[in-house]
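Worksheet for the structure shown next.
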Amino acid sequence: MDDLITEAWDARDVILGGLLQTLSISALAIVLGTLLGVLVGVALVYGAWPLRLAARAYADVMRGTPVLVLVLAAFYMPAVLGLHLQPFAAGVLALTLFCGAHIGELIRGALGSIPRGQTEAAKAVGLTFFGVLAHVLLPQALRSLLPPWINTCVEMVKASTLLSVIGVGELLLRTQEIIGRNFMTLQFYLLVGALYLVVNFAIEQAGKALERRVAFR
């Protein structure tokens with residue numbers, strides 16, 4: 007135990023750097039993926055048929071493709087077009103596309119559950135489509151959307167571990183580098199597992215607090 011504490015303290019800067027990288031990637035993927043998902047979800051429900059078809063194809067392909075394949079594709083495929091993405095950017099792109107597809111389906115389901123009479127009533131009082139969306143539909147959809155959205159956020163943190171295959175210095179890769187020096191495999195994997203658990207627990211607790219706040223509005 008003393009050896010683990012000593013080694014962990016000596017490697018604290020490496021571990022902290024990897025943790026901050028994981029948090030940065032996950033946060034960017036969640037924010038960008040949520041914005042993309044809103045656009046996809048609205049297109050699936052209210053878009054013209056060519057837009058619905060494109061959104062459906064995107065959602066089905068992204069949701070049906072393993073995250074690891076998306077990560078490798080985001081890193082290697084742009085090079086074919088002469089665009090060389092850094093590992094960090096490629097990782098964020100892959101997770102954003104994956105997150106956006108899942109959020110899009112959540113938005114589609116939440117919007118589809120709202121009675122059409124509310125949309126017609128809002129239009130009758132003079133609201134534009136975007137006004138109806140912002141003031142009537144999305145606020146109602148938010149309540150049913152929050153729990154699965156929180157689960158998606160947790161999944162993005164977990165999926166960030168796959169970015170080590172393209173050299174992104176997130177928490178798992180940094181931990182593997184430390185293990186390569188001290189050979190304390192089990193101890194450091196347990197340590198990094200505990201850190202992921204703390205991060206995901208914090209996300210879940212923040213999500214529950216947000217749910218309670220929204221429920222009382």
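Just add 6 to the spot in the sequence shown (first one is 1) and you have this note's numbering. The beta carbon of each residue, even a glycine, is placed where N, CA and C say it ideally should be. All values reported here derive from a predicted model rather than from experimental measurement.
Does the separation of the CB atoms of residue i and residue j fall below 9 Å?
i	j	result
A49	L57	yes
A96	V67	no
L91	L99	yes
Y202	L168	no
V142	I209	no
I21	I184	yes
A14	F194	yes
A35	F104	yes
I109	A147	no
Please classify residue i: does DSSP put it in a helix, a strand, or coil?
i	result
S32	helix
P93	helix
S119	coil
V138	helix
T71	coil
F189	coil
G39	helix
E176	coil
A54	coil
T17	Checking the sequence shown, residue 17 turns out to be Ala, not Thr. Looking at A17 - three-state DSSP - the assignment turns out to be coil, as it is neither helix nor strand.
L87	coil
L168	helix
L133	coil
Could you round the C-beta distance between residue i and residue j to whole angstroms and report it? I think they count as a contact, below 8 Å.
i	j	result
S170	L179	4 Å
L76	L112	Going by Cβ atoms, the distance from L76 to L112 rounds to 19 Å, so no, they are not a contact pair.
P93	V174	5 Å
For residue i, which option in the options has the closest C-alpha, if you only look at C-alpha atoms?
i	options	result
E161	A14, G39 and A147	G39
L45	L177, A140 and S32	A140
G246	G47, Y195, K214 and V77	This structure cannot settle anything about residue 246, because the visible part of the chain is limited to 7 through 223.
A61	T71, L78, L42 and P93	L42
G2	N206, G118 and E217	Because the chain spans 7 through 223 in this model, residue 2 falls outside it and cannot be assessed.
M83	I172, T191 and K214	I172
V204	L192, A17, L25 and T12	L25
L144	V220, L59 and A63	V220
D1	T181, K214 and G70	With the chain represented from 7 up to 223, any question about residue 1 goes unanswered, as that position is not in the structure.
K214	G23, K129 and P153	P153
L216	R149, L89 and L59	R149
What does the Cβ neighbour count give for residue i, buried or exposed, with the cut at 16 atoms within 10 Å?
i	result
F135	exposed
Q27	buried
E126	exposed
V51	buried
T158	buried
F207	exposed
I156	buried
E102	Checking the sequence shown, residue 102 turns out to be Thr, not Glu. Burial call: buried.
V138	buried
A17	buried
V73	buried
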